[in-house]
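Read the structure below first, then the notes.
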Amino acid sequence: MEKMQQVVGRARAAFRSGRSRPLEFRIQQLKALERMVQEKEKEILAALKADLNKCGYNAYSHEILGVLGELALTIEKLPSWAAPQPVKKNLLTLRDEAYIGYEPLGVVLVIGAWNYPFVLVMQPLIGAIAAGNAVVVKPSEVSENTARLVAELLPQYLDKELYPVVTGGVPETTELLTQRFDHILYTGNTAVGKIVMAAAAKHLTPVTLELGGKSPCYIDKDCDLAVACRRITWGKYMNCGQTCIAPDYILCDPSIQSKVVENIKATLKEFYGEDVKSSPDYERIVNQRHFKRVKSLLEGQKIAHGGETDEASCFIAPTILTDVSPESKVMEEEIFGPVLPIVPVKSVEEAIEFINGREKPLALYVFSNNKQLIKRVISETSSGGVTGNDVIMHFFLSTLPFGGVGHSGMGAYHGKHSFETFSHRRACLIKDLKMESTNKMRYPPGSQKKVDWAKFFLLKRFNKARIGLFVLALLGVVAAVMIKSHQSVLKRKALLVVLAVQRLGWPSGW
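Residue numbering for the sequence shown follows our numbering, beginning at 1291 and increasing consecutively.
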């Protein structure tokens, strides 16, 4: 407990010193983080290989590329993100300065996940640094090699006091959660998410929870099955199915179920060859505990393809289950492995009803040539995010917020959304001490006349066209007055000149 108090205490003291607030410092730290990723690429790839059997190409595209992209975007856009944002004013505040100012929250805790152990720590860290916070980083102990590397590298490149790394398992995380933070971002499962939220509630600490769930994938009969199944296969079996937004199960009409299976089988052969186990592109289950859990989901199911396992190497072949009952064990919990159930539904209405009868998922996928059908599914369901005619790709668009809803989480991040998540949007109004008479309506004693004036200033909605005509008319009147005034001045000046000439005895007519 004392160690955690010291770590958080040092981070808070460093934050209170004010050195994390200047924009120049934030950008300097982000550039240092960018340099770390570039200089230590081989070490990062080796750790990911050791933890999840990720080959270099997959590890780079799944983890490093996203971090570098987020860094480049944030470094470029941070000055505009952090700038005060002017807001519209009413009649009473026309002369005042009104804006939203972005200020750092304070000391933030980022708890990473084991399935993408590098990117799911780095992306929130980037947003928290950009917003000017101190950040305590807690990588997942399950991916122990990546966690150890993060703990080793970050102090070499970043401010050690502002951005400490805490390693360890459940006891260390439990102790860490007793400390007071100004925001917590956790990526993981719903059960632990509830623990994090309960701990945060004791300090009234806001949380961002990225939790997951069973992300459905509906395939319409009016669809290019070859293309749809290729994209589904890629998203489902990448990282051995250990992706929080992987399609968890398929909903489709019974008449196309066999075609879906054949197309996925053909794509698996295209992606991984005849022997999936020897393919360098196919990862492994992270450990034996998760291996046994995923393997148990196959019991009593109709296996249309795959099903082979090897406990020694934590290998589970890409597996397809058909005619799956909605009440079966495999449909009760998030699979988080290379097992793809197909649940028959007879219509899009039945699919929508099925989805709405369960907890809100982190992602939802719809495949159809009919864009109106896709939009109907979107409008009649709820999920953290949606991709139509593809899977996972909404995650890679930094202008879209990434996050869950209901049991799949709360809050969001990525790109500017990360900056906003870790910032307080401060309402700022700056007035002067002049024109005090305009404030009489809000001072005692009250009267109906004051209420009427307040209603006029605060509730009146003006037609823009009429305001424009009024302004033009007003300008015309002002111009006419000025011209008339100018003419009278000229006349007076001419008269004075004539009088002066007469006094000098000069002739008045030249």
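Beta carbons are placed, not taken as given, at the ideal position from N, Cα and C, and that holds for glycine. All of these numbers come straight from a predicted model, not from anything done at the bench.
Requested in this report: With DSSP as the reference, label Val1455 as helix, strand or coil.
Outcome: The answer is strand: DSSP assigns Val1455 an E or B state.
| query | At what residues does the alpha helix (DSSP H) containing Tyr1447 begin and finish? | reply | Secondary structure note for Tyr1447: its alpha helix (DSSP H) is the uninterrupted segment Glu1434 to Tyr1447.
**Asked** Alpha carbon to alpha carbon, how far is Gly1596 from Pro1691?
**Response** Approximately 35 Å between the Cα atoms of the pair.
Identify every residue that forms a DSSP beta bridge with Tyr1508. Beta-bridge pairing links Tyr1508 to Leu1541 and Val1656.
Worksheet item: Using CA coordinates, which residue listed in Gly1483, Pro1537, Phe1408 and Gln1662 is at the minimum distance from Gly1675?
Response: Considering only alpha carbons, the answer is Pro1537.
**Prompt:** Expressed to the nearest angstrom, what Euclidean distance is found between the alpha-carbon atoms of Leu1381 and Phe1746?
**Reply:** So the two alpha carbons sit approximately 9 Å from each other.
key: When Arg1666, Glu1366 and Phe1305 are compared against Glu1324, the one with the closest alpha-carbon   = Nearest C-alpha to Glu1324 among Arg1666, Glu1366 and Phe1305: Glu1366.
| query | Should the region 1497-1512 be called in touch with the region 1313-1323, which here means at least 3 C-beta pairs below 8 Å? | reply | When Cβ pairs closer than 8 Å are counted between the two stretches, the region 1497-1512 is seen not to touch the region 1313-1323, the count staying below three.
| What residue from Ala1420, Val1432, Arg1311 and Leu1444 has the CA that sits closest to Thr1463's CA? | Selection Ala1420, Val1432, Arg1311 and Leu1444 evaluated against Thr1463 yields Val1432 as nearest (Cα-Cα).
Practice task
Ignore the nearest five residues each way along the sequence and tell me which others in Ala1245's own chain have a CB closer than 7 Å to its CB.
Solution key: Nothing about residue 1245 can be read from this structure; the chain reaches only from 1291 to 1800.
request  = For Ala1702, write down the residues that DSSP places opposite it in a beta bridge.
outcome  = BP columns for Ala1702 point to Gly1693.
Spatial distance of Val1482 from Phe1305 (CA atoms) | CA-CA distance, Val1482 to Phe1305, rounds to 28 Å.
So the alpha helix (DSSP H) Thr1523 belongs to, where does it begin and stop? Membership of Thr1523 in the alpha helix (DSSP H) is indicated by the continuous run Leu1515 to Tyr1527.
State the beta-bridge partners of Ser1713 as determined by DSSP. Beta-bridge pairing links Ser1713 to Pro1394.
- Item | Own chain residues within Cβ distance below 6 Å of Glu1573, not counting five before or after | Closer than 6 Å at Cβ, skipping near neighbours: Leu1342, Asn1343, Lys1344, Asn1529 and Cys1530.
Spatial neighbours of Leu1444 within its chain, please: CB distance less than 7 Å, with the 5 preceding and 5 following residues excluded, ordered by chain position. These residues qualify, in order along the chain: Val1427, Tyr1453 and Val1455.
**Contact set for Pro1271: own chain, Cβ-Cβ below 8 Å, skip 5 residues either direction** = Summary: the structure shown does not reach residue 1271, with the chain confined to residues 1291 through 1800, and so no result is reported for it.
Where the alpha helix (DSSP H) containing Glu1617 begins and where it ends:
Unbroken run through Glu1617: none, as it is neither H nor E.
**Prompt:** Shortest alpha-carbon distance to Ile1593 belongs to which of Lys1555, Ala1602 and Tyr1562?
**Reply:** Cα-wise, what sits closest to Ile1593 is Lys1555.
Let me know the alpha helix (DSSP H) ranges lying completely inside the region 1559-1611, each 4 residues or longer, listed in chain order. At a cut-off of 4 residues, the continuous stretches assigned as alpha helix (DSSP H) that sit fully inside the region 1559-1611 are 1578-1586.
Discussion item. Let me make sure I understand the geometry here. Which of Leu1587, Ala1516 and Asn1479 has the alpha-carbon closest to that of Asn1553?
Written reply: Cα-wise, what sits closest to Asn1553 is Ala1516.
| request: Give the straight-line distance between the Cα atoms of Leu1794 and Lys1721, rounded to the nearest whole angstrom. | output: For Leu1794, the predicted model reports a pLDDT of 46, less than 50, meaning its position is unreliable and no value from the coordinates is stated.
Please work out which residues of its chain come closer than 8 Å, Cβ to Cβ, to Val1787, disregarding the five sequence neighbours upstream and downstream, and give them in chain order. Confidence at Val1787 is low in this model, with a pLDDT of 49, below 50, so the placement of that residue should be treated as unreliable; the coordinate-derived value is given next. Residues of the same chain with a CB within less than 8 Å of the CB of Val1787, apart from the 5 flanking positions on each side, do not exist.
By how many angstroms is the C-alpha of Val1425 removed from the C-alpha of Ala1301? C-alpha separation (whole angstroms): 7 Å.
**Message:** Distance check for Arg1470 and Leu1395, CA to CA, integer angstroms please.
**Reply:** So the alpha carbons of these two residues sit roughly 12 Å apart.
Is the distance from the Cβ of Cys1519 to the Cβ of Ile1540 below 7 Å?
No.
Straight-line CA distance for Glu1353 to Ala1744? A straight line joining the alpha-carbon of Glu1353 with that of Ala1744 spans about 57 Å.
Would you mind sorting Gln1296 into buried or exposed? The rule is 16 or more other CB atoms within 10 Å of its CB. Under a 10 Å Cβ-count criterion, Gln1296 is classified as exposed, with fewer than 16 other Cβ atoms of the shown protein chains found around its own Cβ.
Closest by CA to Glu1589, which one among Ala1607, Ile1390, Ala1602 and Leu1611? Residue Leu1611 holds the alpha-carbon nearest to the alpha-carbon of Glu1589 among Ala1607, Ile1390, Ala1602 and Leu1611.
Using the beta-carbon count (16 or more within 10 Å), is Val1411 buried or exposed?
That one is buried.
> DSSP on Gln1469, reduced to helix/strand/coil?
Replying inline: Three-state DSSP puts Gln1469 in coil, outside helix and strand.
| request: Determine the extent of the beta strand (DSSP E) in which Ile1419 is found, giving its start and end residues. | output: Counting along the chain, Ile1419 falls outside any beta strand (DSSP E), though it belongs to the alpha helix (DSSP H) covering Val1409 to Ala1420.
* To do: Using a threshold of 7 Å, state whether the C-beta atoms of Leu1652 and Cys1534 are closer than that.
  => Their beta carbons are under 7 Å apart, which means Leu1652 touches Cys1534 by this criterion.
Helix, strand or coil, according to DSSP, for Glu1643 in the structure here? Helix at Glu1643.
Spell out a yes or no on whether the region 1696-1704 and the region 1665-1675 are touching, meaning 3 or more CB-CB pairs, one atom from each, closer than 8 Å.
Contact holds: three or more Cβ-Cβ distances are below 8 Å.
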